[in-house]
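Colleague:
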Amino acid sequence: MEVSGKVKVINAEQQVSASFKKRELVVTTDEQYPQHILIEFTQDKCDLLNNYTTGEPVKVSINIRGREWVSPQGETKYFNSIQGWRIEKLQAAAPVAAPQMPPMPAAEAFAPATDFKEEEHDDLPF
396 MEVSGKVKVI NAEQQVSASF KKRELVVTTD EQYPQHILIE FTQDKCDLLN NYTTGEPVKV
456 SINIRGREWV SPQGETKYFN SIQGWRIEKL QAAAPVAAPQ MPPMPAAEAF APATDFKEEE
516 HDDLPF
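Residue numbers (the numbering used here): 396 to 521.
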């Protein structure tokens, strides 16, 4: 799956344990109702964010992860996370110009009707 938008936040790398590190990225989607999507990069993927800054348009390849957790009281809960594994810069979309029609030669321009007779009846309702 992929998420596209502009970089809103790039957090510093967090050393969660001696063998696990992560870095968070927030991407704001470009749609009618923009969404702020938190994406985690873990382990060696943390370094992928070094070349990005806020405001840049990006496309992030993601995996959705889910896990089950049982509390000490026996209550089961479920958690989801979005993990990034690739990120690439997108070019800002250039405005698309409307196609230009070639100018019409003067000879082909609309000329007044020469064979028009007002006394002829037409059947148009207006």
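Backbone N, C-alpha and C define an ideal beta-carbon position, used for all residues, glycine too.
Nothing here was measured: the structure is a model prediction, and the numbers come from that model.
For G450 versus V404, is the C-beta spacing smaller than 8 Å?
Modeller: It is not a contact, given that the beta carbons lie outside the stated cut-off.
Colleague: Is N458 near Q478, with beta carbons less than 8 Å apart?
Modeller: In contact: N458 and Q478 (Cβ atoms closer than 8 Å).
Colleague: Excluding the 5 residues flanking L485 on each side, which residues of the same chain have their C-beta closer than 7 Å to its C-beta?
Modeller: Cβ neighbours of L485 beyond the five flanking positions: S399, P452, V453, K454.
Colleague: Using only alpha-carbon positions, find the residue among M396, E419, F415, Q409 that is nearest to T448.
Modeller: With distances taken between Cα atoms, T448 lies closest to E419.
Colleague: If we define contact as Cβ-Cβ less than 8 Å, is T448 a contact residue for chain B?
Modeller: Given the protein chain composition of this structure (a single chain), no chain B is represented.
Colleague: With DSSP as the reference, please indicate the residues paired to T423 in a beta bridge.
Modeller: In the DSSP output, where bridge partners are listed per residue, T423 has K401, H431.
Colleague: Shortest alpha-carbon distance to L444 belongs to which of E397, M396, I482?
Modeller: The shortest Cα separation from L444 among E397, M396, I482 belongs to I482.
Colleague: What are the boundary residues of the beta strand (DSSP E) that includes P527?
Modeller: Residue 527 lies beyond the stretch modelled for the chain, which goes from 396 to 521, so this question has no answer here.
Colleague: Give me, in chain order, the residues of the same chain whose beta-carbon lies closer than 7 Å to that of S476; leave out the 5 immediate sequence neighbours on both sides.
Modeller: So the qualifying residues of the chain are E435, R460.
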